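Comments concern the structure below.
Residue numbers (the numbering used here): 12 to 286.
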């Protein structure tokens, strides 16, 4: 094993506690989107032959009285083909935040891993976790860096949520392809089935929902989106495939057990059948 010397920076160019900035200065090829040619933003001309890669589809985020629920279906598509039936689109970023991806699956998962490392690196350097607003801004920076790849067809548009320890509330954010960050007050959706999911959440949302109500509403919205959108995976009782669901509150990030999600899904489907 060859020891690698620590990088030395001139005064004024130190990246500080940001792992993303350190990566840009020492290994720029490792930054998401760095290996794709720059595009003319005035024309926005995309590649003439976009790359075909697996894409994640529908994800939702709903605020309840003490935190936030995040959920995503399990299907990834590649054109008209189902590339995966069991992709996990919801990931833990740190103890008090979570991220869900829609769009190109490969770059999306890379962005998740980079954000996880960024937050861990910051906490080790500074001795305290980054604020929730700061975490959301870091993700915005990564999406902006991925813009050249997005113009070639590798679009990643995630949702981000977490529990704000300083304000004592759950918060959620959505983004556009340029890295624009927008905090939503109650709920957010993105992906191919997002319009259908959003309509169901809008119809069933109420202030001060309990965690159980928010989880069930998120599952219902995903099931109804799958009923209208071919790219969104619906419940699959035969293979026992159901959405990934996580809750973030003052106790931190908790991923719901598959048996719990299956039980809730069965009850929701039974209720829909009876109606």
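For every residue, glycine included, the Cβ atom is placed at its ideal position computed from N, Cα and C. None of these values were measured; they are calculated from a predicted model.
Practice task
Decide if residue 249 is buried, meaning its Cβ has at least 16 other Cβ atoms within 10 Å, or exposed.
Solution key: exposed
Practice task
Report yes or no: do the segment 125-134 and the segment 72-92 share at least 3 C-beta pairs separated by less than 8 angstroms?
Solution key: no
Exercise for the section: Along the beta strand (DSSP E) that carries residue 201, what are the first and last residues, could you check? Expected result: 198-201
Problem - Nearest to residue 97 (by Cα), restricted to the options 281, 269, 189 - result: 269
Practice task
Using three-state DSSP, classify residue 186 as helix, strand or coil.
Solution key: strand
Practice task
Please say whether residue 204 and residue 68 have beta carbons closer to each other than 8 angstroms?
Solution key: yes
Exercise for the section: Could you check the C-alpha separation between residue 178 and residue 167 for me, to the nearest Å? Expected result: 29 angstroms
Practice task
Let me know the beta strand (DSSP E) ranges lying completely inside the segment 68-115, each 3 residues or longer, listed in chain order.
Solution key: 70-75, 78-83, 87-89, 92-95, 101-105, 108-111
Practice task
Count the CB pairs spanning the segment 214-230 and the segment 170-187 that are closer than 8 angstroms, and state whether there are at least three.
Solution key: no
Problem - Presumed contact (8 angstroms Cβ cut-off) between residue 172 and residue 79, rounded CB distance - result: 4 angstroms
Handout entry: Same chain, Cβ closer than 7 angstroms to residue 246, five either side skipped, listed in chain order
Key = 234, 253, 276, 280
Problem - N-terminal and C-terminal residue of the beta strand (DSSP E) that residue 247 is part of - result: Residue 247 -> no beta strand (DSSP E), and no H or E assigned at all.
Exercise for the section: Out of 66, 75, 163, 107, point me to the one whose CA is closest to residue 141's CA. Expected result: 107
Handout entry: Pick from 263, 274, 120 that is closest to residue 176, judged by C-alpha positions
Key = 263
Problem - Rounded straight-line distance, which links the Cα of residue 110 to that of residue 148 - result: 13 angstroms
Problem - Spatial neighbours of residue 260 in its chain, beta-carbon cut-off 6 angstroms, leaving aside the 5 residues before and after - result: 77, 78, 174
Practice task
Please name the residue, chosen from 139, 164, 210, 278, that lies closest to residue 198 on a Cα-to-Cα basis.
Solution key: 210
Exercise for the section: Check whether the Cβ atoms of residue 70 and residue 115 sit closer than 8 angstroms, and answer yes or no. Expected result: no
Practice task
Can you tell me which of the three DSSP states residue 192 falls into?
Solution key: strand
Problem - Extent of the continuous beta strand (DSSP E) run through residue 146 - result: First-last for residue 146: 143-156, but that is the alpha helix (DSSP H), not the beta strand (DSSP E).
Handout entry: Proximal residues to residue 105 (C-beta, below 6 angstroms), its chain only, five neighbours per side dropped
Key = 130
Handout entry: Ranges of the alpha helix (DSSP H) found wholly within the segment 217-276, counting only runs of at least 4
Key = 222-239
Problem - Proximity to residue 236 [Cα-Cα], best of 37, 75, 188, 82 - result: 82
Problem - Bridge partner(s) assigned by DSSP for residue 174 - result: 181
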